[in-house]
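Visitor:
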Amino acid sequence: MSPLLPQSTDQAALQANPLYESRKKIHPKPVKGFYRSLKNSFMWIMMVVYHLTPWLPWDRGVGRPDQAILIDISGGRVYLFNLEIWPQDIYILTGLMILAAVGLFLSASLIGRAWCGFMCFQTVWTDLFMKVESWVEGDRNARIRLDAQPMGLSKFFKRVAKHSIWLLIAAFVALSFLWYFDDAAQVTKDFLHGDLSGWTLAVFGTILAMTYLMAGFAREQVCTYMCPYGRFQGVMFDQHSKVITYQDWRGEPRGKAAHNTDFSNRGACIDCSLCVQVCPTGVDIREGQQMDCIGCGLCIDACDNVMEKLNLPKKLICYDSAHAIQERSKGREVRSPLLRIRVFFYMAVLLATFAAMVVSVNMRPETTVSVYRDRAPFYVTLTTGEVQNAYTVRIINKSKMEKTYRLVPTGAADFDSKIIGYPEGNILVESGKVASLRVIVKAHISQTQQPLTFNVQSLEGKTITSIDTVFIGPDQ
């Protein structure tokens, strides 16, 4: 198309509002205040919990790991303090995930995205990386000037220093991640001596790269585009949810102001844009509630500091509900109720899920059994006329002491069994171990298929658990 010809309305609109806008780097301005102190406290708490939890000792007895939290992939178990989760107990992990999800829903319905702003690890690491950036390159204005400068010696050394510290932090995060999957002391020793396996190194490198890229470069893009929580949080809000809001009935009409400005006939907002400058996601909260807002409260600190200097009431920006703002704009002072139908529903789901998990954990059997029948061949016909089937039976002892079992097959036919390697039939299984048994069963049968039950019994003959299978014979 010739540049002299007028563009269509659709083409002009597309150029003004492109489908994808390239990222504009955000340089948040440091601010002091209650929410900044709260963010710092949560940042250090979350980092201490993440890095030190794998080092907490937990005595589980001889032959079991003494680490409080351990995801033992090779052993097929997850250890959470006094709770031991086997593959058969996957419903426990499902319950924990349901508790976490409903907890987030409850938090969102009460105080918006406060989880995102204070405790999400993306926020924690990004906040730490920003502190390093500010320490190395200077305040917001200095960083903006540095970005605009051509590469020189000073800029080069500052960038090298910043990225080196970022990589060290990311490496420590990755090493701490490995501690959750193996003995922390042994992993650290192997890391320092360069003895990590190939797969372990791959995991280490992946976590290092993800931390470095997400906290150093993607930052607010993760919260805005990648995280699903930010996308569906709106359905969990109602008119009484407390979120960060701008009291437009107080702030408008806005305008610049000097020290002795008369605010009797104008709004309290002086359009200083500090609320935007301190926001880690670049949100202008004065434009209303937005998906990008992570509820960190830094804009509240910035605005309160300005209001204090102007001798005006604080909380022009604050945690409040849409209902309360609407009522205050009419001169009515109200408080939004915390306990509402939505909140009661989430609390009921939390309590019901927690109660179901407690009951299911306490009712878990200490002994479980599984059986697999050989399929090649399905059966063998002996010279005596008997039919023989072979099975693999696995007995799991989940208790904290070793136990001795007997395996007894029962059914409509007169079954005779032999356990390979256990001529006397007594099966000793250590605590937390699995006994894999090769069992040969013989019987005279008059049908092609007979039901068969393997009973795991104590030495006193009491049946502890059982499992049903079938005994296969030739077509009649």
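Add 393 to a position in the sequence shown, counting from 1, and you land on the number used in the numbering used here. A virtual CB, placed ideally from N, CA and C, is assigned to each residue, including glycine.
Where do the ends of the beta strand (DSSP E) carrying residue 811 lie?
Guide: 809 to 812
Visitor: Mapping DSSP to helix, strand and coil, what is residue 597?
Guide: helix
Visitor: Need the endpoints of the alpha helix (DSSP H) that residue 551 sits in, please.
Guide: 546 to 572
Visitor: Sort out for me which residues DSSP pairs residue 830 with in a bridge.
Guide: Answer is 786, bridged to residue 830.
Visitor: From which residue to which residue does the beta strand (DSSP E) around residue 691 run?
Guide: It is not in any beta strand (DSSP E) - residue 691 instead sits in the alpha helix (DSSP H) that spans 691 to 702.
Visitor: How big is the Cα-Cα spacing for residue 693 and residue 451?
Guide: Between residue 693 and residue 451, the C-alpha separation is close to 43 Å.
Visitor: Run through DSSP, which three-state label would residue 501 get?
Guide: helix
Visitor: Kindly indicate which three-state DSSP category residue 400 falls into: helix, strand or coil?
Guide: Because residue 400 carries a pLDDT of 42, less than 50, the predicted location of this residue cannot be relied on, and the following value inherits that uncertainty. Of the three classes helix, strand and coil, the one that applies to residue 400 here is coil, per DSSP.
Visitor: Could you tell me if residue 619 is buried or exposed, where buried requires 16 or more neighbouring beta carbons within 10 angstroms of its beta carbon?
Guide: exposed
Visitor: If you scan the stretch 438 to 515 from start to end, which runs of the alpha helix (DSSP H) of 4 or more residues do you find wholly inside it?
Guide: Segments of the alpha helix (DSSP H) lying fully in the stretch 438 to 515: 483 to 504, 507 to 511.
Visitor: Could you check how far apart the C-beta atoms of residue 757 and residue 482 are, in whole angstroms? I think they sit under 8 Å.
Guide: The C-beta distance from residue 757 to residue 482 rounds to 7 Å, short enough to fall under 8 Å.
Visitor: Does the stretch 742 to 757 come close enough to the stretch 835 to 855 that 3 or more CB-CB pairs lie under 8 Å?
Guide: With a cut-off of 8 Å, the stretch 742 to 757 and the stretch 835 to 855 do not count as touching, because too few Cβ pairs lie within range.
Visitor: To the nearest whole angstrom, what separates the beta carbons of residue 668 and residue 696, a pair I think is in contact under 8 Å?
Guide: So it is a contact: roughly 5 Å between Cβ atoms.
Visitor: Over the uninterrupted alpha helix (DSSP H) stretch that includes residue 719, give me the two end residues.
Guide: 715 to 721
Visitor: For the stretch 555 to 567 against the stretch 641 to 656, do three or more pairs of beta-carbon atoms, one drawn from each stretch, fall closer than 8 Å, so that the two count as touching?
Guide: no
Visitor: Given residue 894, which residues of its chain have a CB within under 6 Å of its CB, disregarding the five upstream and five downstream residues?
Guide: Only positions 394 to 869 of the chain appear in the structure, and residue 894 is not among them; the question remains open.
Visitor: Any idea if residue 825 is buried or exposed, counting beta-carbon neighbours within 10 angstroms, 16 or more meaning buried?
Guide: buried
Visitor: Put residue 656 into one of helix, strand or coil per three-state DSSP.
Guide: Residue state, collapsed to three classes: coil.
Visitor: Measure from the alpha carbon of residue 687 to the alpha carbon of each residue in 489, 476, 580, 500, then state which is nearest.
Guide: 500
Visitor: Mark residue 549 as exposed unless 16 or more other C-beta atoms lie within 10 angstroms of its C-beta, in which case mark it buried.
Guide: exposed
Visitor: Is the CB-CB distance between residue 337 and residue 766 below 7 Å?
Guide: A question about residue 337 goes unanswered here, because the residues of the chain that appear run from 394 up to 869.
Visitor: Please go through the same chain and pick out, in chain order, the residues whose beta-carbon is closer than 7 Å to the beta-carbon of residue 763, but skip the five residues on each side of it.
Guide: 787, 860
Visitor: Quick check on residue 410: does DSSP put it in helix, strand or coil?
Guide: At residue 410, the pLDDT of 47 sits below 50, so the modelled position is not reliable; the number obtained from the coordinates is stated separately. It is coil, neither helix nor strand.
Visitor: Hey, how far is the Cα of residue 494 from the Cα of residue 754?
Guide: It is roughly 20 Å from the alpha-carbon of residue 494 to the alpha-carbon of residue 754.
Visitor: Between which two residues does the alpha helix (DSSP H) containing residue 677 stretch?
Guide: Note, residue 677: premise wrong, no alpha helix (DSSP H); not H, not E.
Visitor: Assuming the contact rule is C-beta atoms closer than 8 Å, residue 597 and residue 568 should be a hit. Round their C-beta distance to whole Å, please.
Guide: Contact holds; Cβ gap of about 7 Å.
Visitor: Which residues mark the beginning and the end of the beta strand (DSSP E) in which residue 800 is found?
Guide: Its beta strand (DSSP E) spans residues 796 to 804.
Visitor: In chain order, what residues of the same chain have a beta carbon less than 7 Å from the beta carbon of residue 659, not counting five sequence neighbours either side?
Guide: 646, 648
Visitor: Of all the options 480, 802, 630, 436, which has the alpha carbon lying nearest to the alpha carbon of residue 731?
Guide: 630
Visitor: Going by DSSP, what residues sit across from residue 836 in a beta bridge?
Guide: 780
Visitor: I'd like to know whether the C-beta atoms of residue 805 and residue 781 end up nearer to each other than 7 Å.
Guide: Cβ distance not < 7 Å, so residue 805 and residue 781 don't count as in contact.
Visitor: Within the same chain, show all residues whose beta-carbon is closer than 8 Å to that of residue 642, passing over the 5 residues directly before and after it, in chain order.
Guide: 718, 721, 722
Visitor: Taking its Cβ as the centre, do 16 or more other Cβ atoms sit within 10 Å of residue 854, making it buried, or is it exposed?
Guide: A residue is called buried when at least 16 other Cβ atoms come within 10 angstroms of its Cβ; residue 854 does not meet this threshold and is exposed.
Visitor: When DSSP labels each residue in this structure, what does residue 540 get in the three-state scheme?
Guide: helix
Visitor: Leaving out five residues before and five after residue 705 in sequence, what residues of the same chain have Cβ atoms less than 7 Å from its Cβ?
Guide: 656, 661
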